[in-house]
Amino acid sequence: MTDKRPLFRPEAVEHHNRARTGGRTLDLRESRTVWLFRGLLATIALAVVASFAVRSEATARGPAVVGANGTTAVVTTDVRRVRTGQRVTLTIGGERAHGDVTRVGRTGATVTLHGTYPIGAAGEATIHLGDAPVAELLLGWDD
Numbered sequence: 038m039t040d041k042r043p044l045f046r047p048e049a050v051e052h053h054n055r056a057r058t059g060g061r062t063l064d065l066r067e068s069r070t071v072w073l074f075r076g077l078l079a080t081i082a083l084a085v086v087a088s089f090a091v092r093s094e095a096t097a098r099g100p101a102v103v104g105a106n107g108t109t110a111v112v113t114t115d116v117r118r119v120r121t122g123q124r125v126t127l128t129i130g131g132e133r134a135h136g137d138v139t140r141v142g143r144t145g146a147t148v149t150l151h152g153t154y155p156i157g158a159a160g161e162a163t164i165h166l167g168d169a170p171v172a173e174l175l176l177g178w179d180d
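Residue numbering for the sequence shown follows the numbering used here, beginning at 38 and increasing consecutively.
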């Protein structure tokens, strides 16, 4: 029974032949490879530091309906981070309205508008929650 595998690995034969002719074989400890690896590590470290230094605005969005007096609106949204006094921007019929959160309930927030709008008008609200480092948003620490 004959084994068809070569006696020496092809890499070993190539290394031996190059050593006899004066050629160089690939060495993973070459300075280019080392500097490339160091550059990669420095880039990753810089990205981690930047993710804690760069801040991004956090918002909550939801549908809004203007209340019976025309100066308040109810916004239905996730209220875990909504607090009274936060700024709100509403888009009602293509028009922008501004207000502040005055009360936070279990399913939404009541907003006092800085003007009077048609009763029952519906639109989209954006509650400005503040800003947080990008790392906190990526890691879910912003809750």
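Note that CB positions come from ideal geometry on N, CA and C, so glycine has one too.
- State the CB to CB distance for the pair I156 and A110, rounded to an integer number of angstroms; the pair is presumed to be in contact (CB under 8 Å). Going by Cβ atoms, the distance from I156 to A110 rounds to 10 Å, so no, they are not a contact pair.
- Compare the Cα-Cα distances from G136 to each of T114, R143, A162, T80 and report the closest residue. When each option's Cα is compared against that of G136, the closest is A162.
- Item | R98: first and last residue of the uninterrupted beta strand (DSSP E) it sits in | In the DSSP annotation of this structure, the continuous segment of the beta strand (DSSP E) that includes R98 starts and ends at 92-103.
- Residue range of the beta strand (DSSP E) that P155 falls in? For P155, no beta strand (DSSP E) encloses it, and the DSSP letter there is neither H nor E.
- Under the rule that 16 or more other beta-carbon atoms within 10 Å means buried, what is A84, buried or exposed? Label assigned to A84: exposed.
- Could you tell me which residues DSSP pairs with I81 in its beta bridges? In DSSP, I81 forms no bridge with anything.
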